[in-house]
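Enquirer:
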Amino acid sequence: MALLLLLVCVVFATLLLIVIRTCKKPKNYPPGPTWWPFVGNTYQLAKLSKAKGGQHLALEELRQIYKSDVIGLKLGHEHVVVVFGNDLLNDTFRKDEFLGRPDNFFMKLRTMGLRRGITMTDGDLWKIHRSFVVRHLKLLGLGKKKMDELIYEEYQIMVQRMFDGENSVMPATYIQSAVMNVMWELTAGAKFEDSKLLMLIKKRSTAFDMAGGLLNQIPWIRFLAPVSTGFSLIQNINQQLYSLLSDIIAEHKKTLSETTRDFIDAYLHQMKKEDISNTTFTEEQLVAVCLDLFFGGSSTSSSTLDFALLAMARWPEVQAKVQSTLDEIKPPGTYIEAEEILKNRYVEAVLLESMRLNHVTPVIGPRRALKDTNLNGYNIPKNTTLLMSLYSFHHDKTKWNDSEVFRPERFIDEDGQFKPSEEMYFFGAGKRRCPAEALAQRFITLVFTNLIHDFVIEIDQLPDGVHCGILLSSMPYKIKMSKRK
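Under the working numbering, the first residue of the sequence shown is numbered 6, with each subsequent residue one higher.
1) What residues in its chain sit with their C-beta under 6 Å from that of I223, if we drop five residues either side in the sequence?
2) Along the beta strand (DSSP E) that carries Q422, what are the first and last residues, could you check?
3) Nearest-angstrom Cα distance between K207 and A434?
4) May I have the straight-line CA-CA distance separating L331 from E159, to the nearest angstrom?
5) Measure the CB-CB distance between A293 and S359 and report whether it falls below 7 Å.
6) Could you check which residue in I133, G235 and G122 has the C-alpha nearest to that of M494?
7) Check A486 in the structure and name its three-state DSSP category.
8) According to DSSP, Q466 sits in a beta bridge with which residue or residues?
9) Which residue from Y383, N33, Y34 and P42 puts its Cα closest to that of L22?
10) Assign T270 to one of two classes, buried (16 or more other C-beta atoms within 10 Å of its C-beta) or exposed (fewer than that).
11) Bridge partners for W225 per DSSP, in chain order?
12) Is it true that the CB of L67 sits closer than 7 Å to the CB of N381?
13) Would you check if there are 3 or more beta carbon pairs closer than 8 Å linking the stretch 49 to 64 to the stretch 345 to 357?
14) Report all residues from its chain with a CB closer than 8 Å to the CB of K32; omit the five preceding and five following residues, and keep chain order.
15) On a Cα-Cα basis, can you pick out the residue from G118, E65 and D108 that is closest to Q290?
16) So, with DSSP's three-state summary, where would you put K348?
17) Count the other C-beta atoms from every protein chain shown that fall within 10 angstroms of the C-beta of M317, then say buried if there are 16 or more, exposed otherwise.
18) Quick one: residues in its chain with C-beta nearer than 6 Å to the C-beta of F431, no 5 flanking neighbours on either side, listed in chain order?
19) Do P35 and I76 have their beta-carbon atoms positioned less than 7 Å apart in this structure?
20) Should the stretch 473 to 485 be regarded as contacting the stretch 363 to 371, the criterion being three or more beta carbon pairs within less than 8 Å?
21) Report the partner residues of R373 according to the DSSP bridge assignment.
22) Give the secondary structure of I239 by DSSP, where H, G and I count as helix, E and B as strand, and everything else as coil.
23) Give every residue of the same chain whose Cβ lies closer than 8 Å to the Cβ of Y157, excluding the five residues on either side of it in the sequence, and list them in chain order.
24) If you follow the alpha helix (DSSP H) that G128 is part of, which residue opens it and which one closes it?
25) Does the separation of the CB atoms of V87 and L64 fall below 7 Å?
26) Please return the same chain residues whose Cβ sits closer than 7 Å to the Cβ of L492, not counting the five positions on each side in sequence.
27) Rank L250, S479 and R166 by C-alpha distance to the C-alpha of Y179 and give the top, closest one.
28) In terms of residues, what are the limits of the alpha helix (DSSP H) holding L261?
29) Assuming the contact rule is C-beta atoms closer than 8 Å, M185 and F299 should be a hit. Round their C-beta distance to whole Å, please.
30) Confirm, please, whether the CB-CB distance from L375 to E83 is below 7 Å.
31) What is the DSSP secondary structure of N186, reduced to helix, strand or coil?
32) Residues in its own chain within less than 7 Å of M480 by CB, not counting five upstream and five downstream?
33) Just to confirm the assignment, what range does the alpha helix (DSSP H) spanning K277 have?
34) Mark W189 as exposed unless 16 or more other C-beta atoms lie within 10 angstroms of its C-beta, in which case mark it buried.
35) Does the separation of the CB atoms of A343 and D169 fall below 7 Å?
36) How long is the line joining the alpha carbons of T264 and H257, rounded to whole angstroms?
Printed below as a string of structure tokens:
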């Protein structure tokens with residue numbers, strides 16, 4: 006009996022010690038809510054996010070509660086620090102000690118349990134492959150006439166499909182197909198005609214939205230509920246995607262020549278040059294990079310353009326002004342080239358305002374502290390995950406005054422000249438700036454400009470709010486498009 010009592014006391018003391026340790030904050034850690042045993046602030050943040058309508062709004066609420074531009078949380082077993090406000094955002098983006106990516110279960114789930122690709126890796130693997138991607142995307146078409154030709158071709162196909170017997174359309178699907186086709190042409194040298202691949206990519210995004218928070222913060226829950234957490238679905242989709250892309254790479258290897266047709270060719274050529282015993286250029290890495298290009302480029306670009314079209318339908322007076330200024334360049338129905346758009350900076354002001362008001366990544370990251378460091382007077386322990394609230398700057402009333410109003414003129418000065426803000430962070434900043442930024446900007450600008458120039462867009466069915474997943478996107482809406490004369 007005494008032995009049993011002793012055993013119970015030891016177990017109780019051990020559990021108590023574990024509870025105390027999981028709830029204890031590091032010294033001089035940023036302010037934030039009390040940590041619960043084992044789960045930290047996971048439940049509190051989820052509940053507040055649901056109440057406020059999104060994680061970015063929940064984090065903004067915590068910022069106001071604790072009156073700090075740096076908030077300290079614990080999500081599951083991970084220390085998480087959230088950064089707010091332009092000055093601290095700029096500091097965080099550009100510090101080398103914050104260039105890392107978290108090395109956790111969810112980050113590796115994207116790439117079959119391994120650290121692969123460029124989006125969620127760091128160190129030499131990231132440096133070498135990011136440089137390779139930027140260099141070869143540029144050689145293959147970024148900033149060249151070939152890129153504009155690809156976008157023009159996809160624009161024509163997209164418009165034709167939109168008018169294929171429909172009185173009103175939901176533009177999001179057509180836009181996503183168009184941007185994926187452009188990216189696929191650069192990557193694999195062909196049209197994105199594999200409907201199964203497109204379906205899998207869409208399903209994968211939905212599955213990650215569903216599973217992301219829970220699997221990231223409590224990864225062991227996948228053993229208890231693999232289906233309801235989305236883990237089984239993600240695993241299944243990943244296997245199908247990897248199989249399809251592996252087949253495409255195998256076909257490229259069969260037809261590989263000295264001529265570089267696309268990105269996959271460029272990568273295979275590099276693999277031949279490398280020492281096979283000491284290289285990161287592998288087929289597994291190539292598959293992961295291809296997926297990064299698709300998911301990173303297509304989802305953000307299509308959602309950004311979708312929000313911009315919705316803005317034109319909601320504010321017809323702004324749409325009419327855009328059309329009036331574009332008509333000074335060319336008559337409606339005539340395709341406007343990229344160089345010609347530079348003559349009309351009002352278009353850029355409209356796009357900037359749309360992205361400021363509804364940025365698709367209101368909370369950007371995650372970054373990882375590569376060493377013990379300091380931010381705004383607080384200690385940031387090594388391996389802490391950092392999230393940056395772009396929403397806090399894009400909706401800062403001290404910077405924008407009427408921050409919730411759609412007003413493109415805020416980017417036009419008193420002399421009528423365009424005054425861009427260098428602090429918008431739409432594509433990140435510093436060394437981790439989006440490697441395909443030039444492509445994304447060109448696609449969004451060309452397609453938006455020509456759609457508004459060629460058509461009058463009217464709202465037919467308003468969206469029921471926004472969808473807050475890994476990315477912010479508009480809920481489905483319908484527009485009517487009539488050709489301008």
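Every residue gets a Cβ at the ideal spot worked out from N, C-alpha and C, and that includes glycine.
Expert: With the given structure in hand:
1) For I223, where only same-chain residues beyond five positions count, the Cβ hits under 6 Å are G81.
2) For Q422, there is no enclosing beta strand (DSSP E), as DSSP marks it with neither H nor E.
3) If you draw a straight line from the Cα of K207 to the Cα of A434, it comes to about 27 Å.
4) C-alpha of L331 to C-alpha of E159: approximately 21 Å in a straight line.
5) For A293 and S359, no; Cβs fall outside 7 Å.
6) Since the displayed the chain opens at 6 and closes at 490, residue 494 lies outside it and no answer follows.
7) A quick correction: the sequence has Met, not Ala, at residue 486. Collapsing the DSSP output to three states places M486 in a strand.
8) According to DSSP, Q466 bridges with K483.
9) For the residues Y383, N33, Y34 and P42, the minimum Cα distance to L22 belongs to P42.
10) Looking at the sequence itself, residue 270 is Asp, so the reference to Thr does not match. D270 should be labelled buried.
11) Beta-bridge annotation (DSSP): W225 is not paired with any residue.
12) Between N381 and L67, the C-beta gap is not smaller than 7 Å, which leaves the two residues out of contact.
13) As far as the Cβ criterion goes, the stretch 49 to 64 does not touch the stretch 345 to 357, which means the pair count is below three.
14) Around K32: N384.
15) For Q290, the nearest C-alpha among the options comes from G118.
16) Here K348 sits in coil by DSSP.
17) Burial call: buried.
18) M360.
19) In this structure, P35 lies closer than 7 Å to I76 by Cβ.
20) Contact between the stretch 473 to 485 and the stretch 363 to 371 is present: 3 or more CB-CB pairs across the two stretches fall below 8 Å.
21) Its beta-bridge partners are G105 and T390.
22) Residue state, collapsed to three classes: helix.
23) Sequence-distant Cβ neighbours of Y157 in its own chain, meaning closer than 8 Å and more than five residues away, are Y340 and L451.
24) Note, G128: alpha helix (DSSP H), G128 to L145.
25) Note that the C-beta distance between V87 and L64 is below 7 Å.
26) No statement about residue 492 is possible, as the shown extent of the chain runs from 6 to 490 and does not include it.
27) Considering only alpha carbons, the answer is R166.
28) Note, L261: premise wrong, no alpha helix (DSSP H); not H, not E.
29) For a cut-off of 8 Å, the C-beta gap from M185 to F299 is around 7 Å, short enough to register as a contact.
30) Taking 7 Å as the Cβ cut-off, E83 and L375 do not qualify as a contacting pair.
31) Note: N186 maps to helix in three-state DSSP.
32) Only residues of its own chain outside the window of five on either side were considered, and among them P468, D469, G470, V471 and H472 have a CB closer than 7 Å to the CB of M480, listed in chain order.
33) Segment F268 to K278, the alpha helix (DSSP H) holding K277.
34) Buried, because 16 or more other Cβ atoms sit within 10 Å of the Cβ of W189.
35) For A343 and D169, no; Cβs fall outside 7 Å.
36) Near 12 Å, if we compare the C-alpha coordinates of H257 and T264.
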